[in-house]
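Order-wise, the sequence lines are chains A and G.
For the first sequence, the UniProt record's numbering assigns the number 1 to the initial residue and increments by one for each residue that follows.
For the second sequence, the UniProt record's numbering assigns the number 1 to the initial residue and increments by one for each residue that follows.
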Amino acid sequence: MKNMKNLILTLNAVFFLAFSTFAQIDRSKQPEAGPAPKINIQKPKTFTLTNGLQVMVVENHKLPRVSAVLIMDNPPAPEGADAGISGLTSSLLGTGTQKTSKDDFNEEIDFLGANVNLSAGSARANTLSKYFPRVLELMAEGALQPKFTQEELDINKQRQIEGLKSNEKDVSFNARRVRQALTYGKDHPYGELTTPESLENITLEKIQNYYNKNFVPTNAYLAIIGDVKFEEAKKLVEKHFATWKKSAVTTANLPEVKNEKGLQINFVDMPNAVQSEIAVVNSTNLKKNDPDYFAALVANQILGGGDGRLFLNLREDKGYTYGAYSSLGSNKYVSSFVASAQVRNAVTDSATVAFLEEIKRIRTEKVSEKELEDAKNNYTGSFVLSLEQPATIAGYALDIETENLPKNFYETYLQKLNAVTVEDVQRVANKYFKIDEARIIIAGKGSEISENLEKFTFNGKEIPVKYYNKKGIQVDKPEFNKAVDPTVTAESILNKYIQAIGGKQAVDNVESVLMTATAEIQGQKLDLEIKTTAKGKSLQVVSMGGNAISKQVFDGTTGFAVVQGQKIPFTEEQITDVKADAAPFPELIVKDARVMGIEAVDGKDAYAIALNDKTTAFYDMETGLKVKSVKTVTQGPQTMEVPTGYSNYQEVNGIKFPFTVTQSFGPQSIEFTVNEMKINDGVEESDFVE
Amino acid sequence: MINKIKLSACAMILGVSGFAQEVEFTEYDLDNGLHVILHQDKTAPVVSTSVMYHVGGKDLKNNKTGFAHFFEHLLFEGTENIPKGTFMSTISSNGGTFNATTSLDRTYYYETFSSNKLELGLWLESERMLHPKIDQSGVDTQNEVVKEERRRSYDNRPYGNLLSVIQSNLFEKHPYKDPNIGYMDDLDAAELKEFNEYFDEFYGPNNATLVVAGDIDIEKTKSLIEDYFGPIPTGKEVNRSLIEEKPLASVKRDTFYDANIQIPASILAWRTPSMKEKDAYVLNMISTLLSEGRSSRLYKKLVDDQKQALEVAAFHLPLEDYGMYAIFAIPLGDASLNTLNEEIDEEILKLQNTLISDREFQKLQNTFENRFVNANSSVSGIAESLATYNVLFENTNLINKEIEIYRSITPKDVQRVANEYLKLDARAILSYLPKTDDVK
Chain A
1 MKNMKNLILT
11 LNAVFFLAFS
21 TFAQIDRSKQ
31 PEAGPAPKIN
41 IQKPKTFTLT
51 NGLQVMVVEN
61 HKLPRVSAVL
71 IMDNPPAPEG
81 ADAGISGLTS
91 SLLGTGTQKT
101 SKDDFNEEID
111 FLGANVNLSA
121 GSARANTLSK
131 YFPRVLELMA
141 EGALQPKFTQ
151 EELDINKQRQ
161 IEGLKSNEKD
171 VSFNARRVRQ
181 ALTYGKDHPY
191 GELTTPESLE
201 NITLEKIQNY
211 YNKNFVPTNA
221 YLAIIGDVKF
231 EEAKKLVEKH
241 FATWKKSAVT
251 TANLPEVKNE
261 KGLQINFVDM
271 PNAVQSEIAV
281 VNSTNLKKND
291 PDYFAALVAN
301 QILGGGDGRL
311 FLNLREDKGY
321 TYGAYSSLGS
331 NKYVSSFVAS
341 AQVRNAVTDS
351 ATVAFLEEIK
361 RIRTEKVSEK
371 ELEDAKNNYT
381 GSFVLSLEQP
391 ATIAGYALDI
401 ETENLPKNFY
411 ETYLQKLNAV
421 TVEDVQRVAN
431 KYFKIDEARI
441 IIAGKGSEIS
451 ENLEKFTFNG
461 KEIPVKYYNK
471 KGIQVDKPEF
481 NKAVDPTVTA
491 ESILNKYIQA
501 IGGKQAVDNV
511 ESVLMTATAE
521 IQGQKLDLEI
531 KTTAKGKSLQ
541 VVSMGGNAIS
551 KQVFDGTTGF
561 AVVQGQKIPF
571 TEEQITDVKA
581 DAAPFPELIV
591 KDARVMGIEA
601 VDGKDAYAIA
611 LNDKTTAFYD
621 METGLKVKSV
631 KTVTQGPQTM
641 EVPTGYSNYQ
651 EVNGIKFPFT
661 VTQSFGPQSI
671 EFTVNEMKIN
681 DGVEESDFVE
Chain G
1 MINKIKLSAC
11 AMILGVSGFA
21 QEVEFTEYDL
31 DNGLHVILHQ
41 DKTAPVVSTS
51 VMYHVGGKDL
61 KNNKTGFAHF
71 FEHLLFEGTE
81 NIPKGTFMST
91 ISSNGGTFNA
101 TTSLDRTYYY
111 ETFSSNKLEL
121 GLWLESERML
131 HPKIDQSGVD
141 TQNEVVKEER
151 RRSYDNRPYG
161 NLLSVIQSNL
171 FEKHPYKDPN
181 IGYMDDLDAA
191 ELKEFNEYFD
201 EFYGPNNATL
211 VVAGDIDIEK
221 TKSLIEDYFG
231 PIPTGKEVNR
241 SLIEEKPLAS
251 VKRDTFYDAN
261 IQIPASILAW
271 RTPSMKEKDA
281 YVLNMISTLL
291 SEGRSSRLYK
301 KLVDDQKQAL
311 EVAAFHLPLE
321 DYGMYAIFAI
331 PLGDASLNTL
341 NEEIDEEILK
351 LQNTLISDRE
361 FQKLQNTFEN
371 RFVNANSSVS
381 GIAESLATYN
391 VLFENTNLIN
401 KEIEIYRSIT
411 PKDVQRVANE
421 YLKLDARAIL
431 SYLPKTDDVK
């Protein structure tokens, strides 16, 4: 009886359960998410050629396209006196083969609507599937039968040397190089620096040898993904890659990478810097197959992801920078943690404190559940969406092989991500964000920021400052601030400048100046026309290809700008700014100029004078001529400094004007060459009205 | 000689392996008339949920314009179960992405989530279809937003009224004559009652297509769709009758003044057949031939070689009832609009009188196949294609077959269509000029 009752109860429960699955959904509440999805990543079919090339084919016939990725997983090797040889070899690949000229090779790829990219360590191709046989053949031809010529070597070497030279003053570029050299050591392949000298050292013979030694099938993987049958892919690969000669790869002994004990500041003086590059770095041994890997991803996302703590603190809260982020690499040899930002000079020390505080906080306090959840959601979203692209799938298949990952690494990616706890985050933060062994590498303008850095303390401890040059070599502390002779005043410097350009009388006779100048940006001609009058009016027109792209008009009291056809009246603040420049010689209308000190401009000492709140100008100590000015410009949340250089002074009607004017915006600079300079000619009252 | 060899090699490859795209899908109707298309793709655990309503700028309310676009905004205001202002934040806090677009023919809403949030997507879209909040405060809010959008996209943007000018010159009676966003006077005059009526007229399940694409279980998804969308009552039957326009018979000239520009533009425009016609596809190809890429005919001639134009673009806007074809050019330096038009006409005449070369034709085919293939490389792309082919072309399987239409096009078709539709003596020649103070 009792059993019977139990049976009925059970039956009821079963029925009830069954009914409840068909019951009306409750639409008054947001539905719960299901369990994290399992990833279905197709397993590649594989085969190995006798020369060692390992091939994986992922058939996917959904779209009629195929991609092929060839990588050589060679261990890193130092390039020594020939540093840069891998990059140079990369740029020479694809410039012709034993059978086909460069132009014919590229034209055929275009015609097929395909892409083929070759480098010293890889080759990639994307194409419609029907052209795959030909495109794979072209890729193989380009990669395996290259023809290196002296002509292409010369051109590419020249281009790369020019590239290095053009970056000489680029603060970010130099900061990055010094960071690599200091993090890994200059003898480690990851820390080696390519220089014009090392590039000059490279000969055609060395390139050929480098290619022969490294472009070998021993550690090579070829992934083919898409609308191609395994058998067909195999046939094609055998046809085009079987002749690739087997050859051993020598493994170099790599120097050990170690962090130094104790926090330290490594300073690189960049006298032209208007922003400081700050990077808190340490090397780590995080590998993709570490159990910590997912916790480390999450910890880094919370600290320095797209809207992580660094971003919220340094940008949103304090407004020091346009963006502050961190990255934590993973690599089977060695990798690094980097937290970095570009900040304006004046806040370099405060921003450094903010970095250290945030790193300390994530090490000492647990992150909130919400932060953890958001970071996981973020990684889930981007991981899941990235899986849609065949290239990603190829990359993952290769990863599993080259990084020694379990076969189901990516299938279980989301489960492992979701298993991360707040405790894990704190644990790995302590393990990989090594605040006690980190270098704070700052590249910036020593004359403005080194004084505060010398006094820098963290956790009540003074932090030692070491100085480095752009090649990552430690140097003595440079002399930043030269004392100005007390008899020198702003007035005397400005008088000397007026004297130097032609004298007070000549300058006083100038009623108007018309200047036209031209610059080239990425092959486009940019024309600049500036008119100014002694009565304080100004006009500035920038045009491209004969059409005005921006225009500023100021009639002495009010004005407007026309940008992309839209007319925008000046604000009060803009009027003040434009007014300060609306004169043939702004020095004549300056009030309250202040001497700021002596600074080197292009290696020559110059007096720095603050002409007003926003402009500092530099006058050569010897010639008296103005050589540079720096303007503070505010755009949205960001404040930046825009330097302008003046050189190549030439005389017009007895007055010297700079005929070369260079303006920089961040790493970009534009050089204007003056075409015409007219005094008291070519300027009409009507220029300054609408 | 080299080219010849290469060409025959290509022809051989073409012969050997055929085109193999196959997007599988299931489609059916719910009892309330909602058309459902499911596409399973387990490549990535992503699911895209979208609804395309067959209502667009051409569907007026009491002769008032801009309603469909207005609803694109209004239907994010909230529903009986989704509080005002939380529709969008619910999506982003769940790691999803979303958007909505309105054309002259249709309105499209979509969300993409990781696949474990399928039910969330269905809930959001069914809430929007079942009982959105359409009240005066929502209408007032969105009226301001839409006005701001009109200023940004049309009235304050250089060349922002270009399409409106083309529309008003190519159509006299058909609602394609009016801008998609509508006239602000119409929206200001619209009453709440009219918005509610418009919703009842066009937003019923029988005038919509739901697409769920991605990593889904088909049967489970069908049952969830029944749960969420099944209870939505059928709407009124939507009656459409084609408003016919007489063919253009002569050259129509017009001038428009835009206060936001300094450099004038010239526009040559033609009315073209419905997007469902094969000739519409030929016109798409002609656009590519004329102005896509640096080696295209007009770009190479006017921008690269002659340096007479800052920009030149030929574009076809295919639509359900008719299409529009336009060639737009901005002069460089002293080139006059007339000179540009003459140069462009020369290229049109060349199309009409000479067959395009085999190599150019083959490159064109390659470009189109690439484009077609890449349009379907994400589940959200596939979902939109499926919805579009179903709602506007009434043939969902075009997702697999459309490329065959392109491949059936011959150089002779290109010549024929250029003669039939791009007539020099039956078109609009429009001057789009900078507005200065002395021009009222």
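Each residue gets a CB set at the ideal place from its N, CA and C atoms; glycine is no exception.
As the structure is a prediction and not an experimental result, all values here were calculated from the model.
- S50/G is a Cβ neighbour of A383/G, given a cutoff of 8 Å.
- The beta carbon of K435/G lies closer than 7 Å to those of Y257, D258 and A259 in the same chain, with the five residues before and after it left out.
- Assignment of beta-bridge partners to K626/A by DSSP yields Y619/A.
- Under the Cβ criterion of 8 Å, V23/G is counted among the residues facing chain A.
- Around the CB of G503/A, fewer than 16 other CB atoms lie within 10 Å, so the residue is classed as exposed.
- By the 16-neighbour rule on beta-carbons within 10 angstroms, F665/A is exposed.
- The beta-carbon of L433/G is placed no less than 8 Å from the nearest beta-carbon of chain A.
- Taking the CA atoms as reference points, S91/A sits about 8 Å from A120/A.
- Its chain contains P64 as the residues whose beta carbon lies nearer than 8 Å to that of K130/A, once the 5 sequence neighbours on both sides are disregarded; these appear in chain order.
- At a Cβ-Cβ threshold of 8 Å, T112/G and H69/G do not count as neighbours.
- In terms of CA proximity to I82/G, S126/G leads the group S266/G, S357/G, A100/G and S126/G.
- With the rule of 3 Cβ pairs closer than 8 Å, the region 198 to 208 of chain G counts as touching the region 232 to 250 of chain G.
- At a cut-off of 8 Å between beta carbons, T90/G contacts chain A.
- A straight-line Cα-Cα distance of about 52 Å links K626/A and A296/A.
- Taking C-beta atoms as the reference points, D186/G and T65/G count as a pair closer than 8 Å.
- The continuous beta strand (DSSP E) containing Q264/A extends over residues Q264 to D269.
- Comparing C-alpha distances from K461/A to each of D485/A, V563/A and L356/A shows the shortest one belongs to L356/A.
- Note on the region 486 to 531 of chain A: whole beta strand (DSSP E) runs with a minimum of 3 residues are 512 to 521, in chain order.
- A check of alpha carbon separations from K261/A across K245/A, N272/A, A252/A and N282/A identifies N282/A as the nearest.
- For R240/G, there is no enclosing beta strand (DSSP E), as DSSP marks it with neither H nor E.
- The shortest C-alpha to C-alpha distance from H188/A to any of A81/A, N126/A and F241/A is the one to A81/A.
- Rounded to the nearest whole angstrom, the C-alpha separation of L30/G and E219/G is 14 Å.
- Secondary structure at S119/A: strand, using DSSP grouped into helix, strand and coil.
- Closer than 8 Å to the CB of T557/A there is not a single CB belonging to chain G.
- Rounded to whole angstroms, the gap between the alpha carbons of G85/G and G78/G is 6 Å.
- Three or more beta-carbon pairs separated by less than 8 Å are not found between the region 307 to 324 of chain A and the region 473 to 486 of chain A, which leaves the two stretches without contact.
- The C-beta separation of I224/A from N60/A comes to about 10 Å, leaving the pair out of contact by the 8 Å criterion.
- Scanning the UniProt domain "Peptidase M16 N-terminal" (83 to 174) of chain A for uninterrupted beta strand (DSSP E) segments of 3 residues or longer gives 115 to 119 and 122 to 128, listed from N- to C-terminal end.
- Residues N169, R427, A428 and I429 of the same chain have their beta carbon placed closer than 8 Å to that of K252/G, with the five preceding and five following residues left out of the count.
- At a cut-off of 8 Å between beta carbons, Q167/G makes no contact with chain A.
- In this chain, the beta strand (DSSP E) harbouring H316/G covers A309 to L317.
- The C-beta of S377/G comes closer than 8 Å to at least one C-beta of chain A.
- Close partners of V384/A in chain G (Cβ separation under 7 Å): A44, P45, V46 and S114.
- According to the DSSP secondary-structure assignment, I429/G is paired through a beta bridge with R253/G and L268/G.
- At a cut-off of 8 Å between beta carbons, K62/A contacts chain G.
- At least 8 Å separates the CB of G57/G from every CB of chain A.
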